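Residue numbers (this note's numbering), protein chains in the order written: chain A, 805 to 1223; chain B, 805 to 1223.
Heads up, the beta-carbon is just placed ideally off N, CA and C, and yes, glycines get one too.
Computed from a predicted structure; not experimentally measured.
A short write-up of the structure that comes next.
2 protein chains.
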Amino acid sequence: MRIELINTGTELVLGDTINTNAAWIGQQLAALGLSVARQTIVPDGAVIGEVLAEAAGRNDVIIATGGLGPTNDDVTREITAGLLGLPMDVDAGVVAKLEAYFHKRGREVNQATLRQAMVPRGAKVMDNAFGTAPGLYVPAALGAERGWACHFFLLPGPPRELKPMFETGVVPVLKALHPAAAGREVLYLKVTGMGESDIVDHVERELEAMAEAGLEMGYCIGKGDVDVRLAGPGEVVAKGAALVREKVGEYILSEDRRVLEEVVVHLLAERGETVATAESCTGGMIAGRLTDVSGASAVFGYGYVTYANEAKVRELGVSAELLMRHGAVSEPVACAMAEGCLEVSGANHAVAVTGIAGPTGGSEEKPVGTVFVALASKGQATKCRRLFFPGARDRFKLLTSQAALEMIRRRLLNLTLEP
Amino acid sequence: MRIELINTGTELVLGDTINTNAAWIGQQLAALGLSVARQTIVPDGAVIGEVLAEAAGRNDVIIATGGLGPTNDDVTREITAGLLGLPMDVDAGVVAKLEAYFHKRGREVNQATLRQAMVPRGAKVMDNAFGTAPGLYVPAALGAERGWACHFFLLPGPPRELKPMFETGVVPVLKALHPAAAGREVLYLKVTGMGESDIVDHVERELEAMAEAGLEMGYCIGKGDVDVRLAGPGEVVAKGAALVREKVGEYILSEDRRVLEEVVVHLLAERGETVATAESCTGGMIAGRLTDVSGASAVFGYGYVTYANEAKVRELGVSAELLMRHGAVSEPVACAMAEGCLEVSGANHAVAVTGIAGPTGGSEEKPVGTVFVALASKGQATKCRRLFFPGARDRFKLLTSQAALEMIRRRLLNLTLEP
């Protein structure tokens, strides 16, 4: 099944908006064992007609996004109907929804908006739960007479409107058109604490040997983690996953796409335990990631951003003498920060980081990118790791926060802290 | 001048990588008064030939990214030469650079990598400062004989290799080909504290009246701010900018693309003042943004993430009675947090936030999205704003941190805090 993706939107070609829909749709199709043969982006307006006609001639499916709104430039609906020779009818259901939408907001539906209720005859309306523009599915049979036997999916551009519509309106049709998708499974094993090339070294050869049995694999690099994507027939995916678990099991943080902060908050909540944070170079990012998770308040109450040495002394009880002797970026200070944080917060665990984010402040002994991450837990020995993340400041902060959260995860699972 | 952009890369169509190059190139071209007529993305491999041939027939300029690496799938170079009927020569300069690159890493250049030294006869090599694959510029004259009078720029895919090469290798050629770019200027006025539609209401009509004189305008929506982009002849841009400053001046936070946290850190540093943070619902994001700025340590020493009520009492001295009477999400508690933070940190300014990020925890009186932001400064009355940011948790945190930082900026500039 050949599929092309067409994204329309002047904001996309001007660069005012990054095209995140394309990657998202690519992933959804990959999950079905399908892929995009070509993707075309054009500004709003009549040029969409040229591109649709080209694409209709060489594809089984066209997925078009954007151009369904109420302005003059939004012409995808009309151009598709014109291309296929389909008359447009007013859809009473859509009109009723538009009226309800506007009345709720104390306004009348205007004429421009009512254009959104025009539907090429025979096409199916896909509800838009988050906006006014409905989506349309035009089955291939409708255009066959003119020689365009191609399925058209016309979707709105805004991601929060497009994504639910794709899941509820497009995926079921594609599954019906492509029965091979039925027995197919996709699994994402999210790995942290090792780079893509290390993962490849551990598992790729043996996974590749499963390709004949239908296993497809890929890597999707995230923020501090890597998704190993396994796809294919259910039993082959299960075998591949078992191999990955055997080889790099302790580095797998989730198999359901949860990110590290979610896993840590959930593990703490299951155990009824709490964590506190004492951050220097990460400046609050660890606390920020923990509190990104809904329900974090059950496991996190206290965070300290002790950027100044004085703050380390006054808030965490780090001794001034220790700071003087070893410097703020040192193992003894990281451990003292973690232990002080454990004490003042009363939490079960306290993680502390101190390092040199750069671009200035490095030395020969401790270059920019050097960081110490310490973890103190009630009734256990405090542990510290020295790590090195040279490069940009934002990446340094991200990788340091990842290492700190991973240290908590490993302690909660009784894994060694120095993998 | 008609320009098409072609991005090759299987990772792009699979959705493993978001195509950020396209938006970036779109912005660079817009700065020159140029735009992308169409953008095409295809997987690695021979399909690039089909797309290049189509595009060469209808464009003055083609910018292609990706497919210049050492693997079998990297065929952009060879296919372009084939299309234009140009023989390939080994470029001694590129060979020398590849050898130096590998020797520095203690390795020998392999045959696959040496393919990168093949150059279509007459094409110009563009140096790659951050990788092994050089870029190529094939002037239109070289393909004219075969009827393809189109300028080809072949660039590597990784953004950190592509961007400097585009700036040093592509922009000068485009400027020479498009003399209208010469007298042209682009200015970004970064606005915060008002939405895009409010900005439009204030300035669009009068700016549109300058279109005849050559003013182009656009909006680029950022994280909590909006860039008003003005482009055109220098004196017209200056006039447009003067108008924007007159109408919404106090909301303009920078004219050099600096974001709010940079502006706040720089303003504090100029004044030799410091700020401390007391965060509940933002969970460290305000501290995190401040410490994203290099040099933040001069103006920021203390941050508190008092997620638990107990932490508000113990760390900031908020009275338990006040928490009981008004609830943690209230103006009195926000003010007490800010004043307590000012006291314990000894900073010149202290900002505090307390709110309901959701998805749970809302009430009729204080629905999810309600937040109080308070600012205490030495020798000045503490001020508090009640704001409402319904919607997703990450957006709530972002907009709340933006409002808090903006309150600091406004105080430092002696603007009213409740705009």
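The DSSP-derived three-state label of Glu912 of chain B is coil.
Those residues of the region 893 to 920 of chain A placed with their C-beta closer than 9 Å to a C-beta in chain B do not exist. In terms of CA proximity to Ser1181 of chain B, B:Ala1151 leads the group B:Cys1024, B:Ala1151, B:Phe1200 and B:Ala1207.
Neighbours of Leu1094 of chain A in chain B, taken as residues at a C-beta separation under 8 Å, are given in chain order as Gly1087. By alpha-carbon distance to Val840 of chain A, the top candidate from B:Arg842, B:Gly849 and B:Thr814 is B:Thr814. Between Lys1201 of chain A and Gly1087 of chain A a beta carbon distance of about 7 Å is seen, short of the 8 Å cut, so the two are scored as contacting. Residue pairing for Tyr992 of chain B: DSSP places it in a beta bridge opposite B:Arg1033.
A Cβ-Cβ contact shorter than 8 Å links Ser1098 of chain B with Pro1163 of chain A.
Using a Cβ distance threshold of 8 Å, Ala937 of chain A and Leu872 of chain A count as a contacting pair. In the assembly as shown, Ser1167 of chain A is an exposed residue. Its beta-carbon has fewer than 16 other beta-carbons within 10 Å. With respect to the 8 Å criterion, Gly961 of chain A and Gly870 of chain A are classified as neighbours on the basis of their beta carbons. For the region 807 to 827 of chain A, the set of residues with a beta-carbon nearer than 9 Å to any beta-carbon of chain B comprises Leu809, Asn811, Thr814, Glu815, Leu816, Val817, Leu818, Gly819, Asp820, Thr821, Ile822, Asn823, Thr824, Ala826 and Ala827, in chain order.
Under the Cβ criterion of 8 Å, Thr875 of chain A is not counted among the residues facing chain B.
With distances taken between CA atoms, Ile1003 of chain A lies nearest to A:Cys1024 out of A:Cys1024, A:Gly987, A:Ala1015 and A:Asn825. Taken in chain order, the complete beta strand (DSSP E) segments of 3 residues or longer contained in the region 935 to 966 of chain B are 939 to 942 and 955 to 959. Taking a 10 Å sphere around the C-beta of Glu1050 of chain B, we find fewer than 16 other C-beta atoms and assign the residue as exposed. Taking C-beta atoms as the reference points, Pro1037 of chain A and Thr824 of chain A fail to come closer than 8 Å. Taking 7 Å as the upper bound on Cβ-Cβ separation, chain B lies near residues Arg1197 and Asp1198 of the region 1183 to 1205 of chain A.
For Phe1104 of chain A, the enclosing beta strand (DSSP E) starts and ends at Phe1104 to Thr1110. Per DSSP, reduced to three states, the secondary structure at Thr1095 of chain A is coil, with no helix or strand assignment. With a 10 Å radius around the Cβ and a threshold of 16 neighbouring Cβ atoms, His1153 of chain B comes out buried. Secondary structure of Asn811 of chain A (DSSP, three-state): strand.
Going by DSSP, Arg1009 of chain B is part of the alpha helix (DSSP H) stretching over Arg1009 to Glu1012. Of the candidates B:Arg1213, B:Gln1206, B:Gly947 and B:Ala1185, the residue whose Cα lies closest to the Cα of Gly999 of chain B is B:Gln1206. Around the beta carbon of Glu1119 of chain A, a 10 Å sphere encloses 16 or more other beta carbons of the protein chains shown; the residue is thus reported as buried. Assignment of Arg862 of chain A by DSSP, reduced to helix, strand and coil, places it in the coil class. Just so you know, the alpha carbons of Thr1204 of chain A and Leu1057 of chain A end up roughly 17 Å apart. Taking Ala1138 of chain A as the centre and dropping the five residues before and after it, the same chain places the C-beta of Ala1156, Thr1158, Phe1176, Ala1178 and Cys1188 closer than 6 Å to its C-beta, in chain order. In this structure Lys908 of chain A is exposed. Its beta-carbon is surrounded by fewer than 16 other beta-carbon atoms within 10 angstroms.
Here DSSP, grouped into helix, strand and coil, assigns Val1133 of chain B to coil.
Membership of Ile1025 of chain A in the beta strand (DSSP E) is indicated by the continuous run Glu1020 to Ile1025. Taking 8 Å as the cut-off, the beta carbon of Val923 of chain A is found no closer than this to the beta carbon of Met969 of chain A.
For Glu1083 of chain B, the enclosing beta strand (DSSP E) starts and ends at Val1079 to Glu1083. Residue state for Met805 of chain B is assigned as coil, using DSSP reduced to three classes. Going by beta carbons, Val1103 of chain B and Thr1078 of chain B fall inside the 8 Å limit.
Counting along the chain, Asp893 of chain B sits inside the beta strand (DSSP E) bounded by residues Met892 to Val894.
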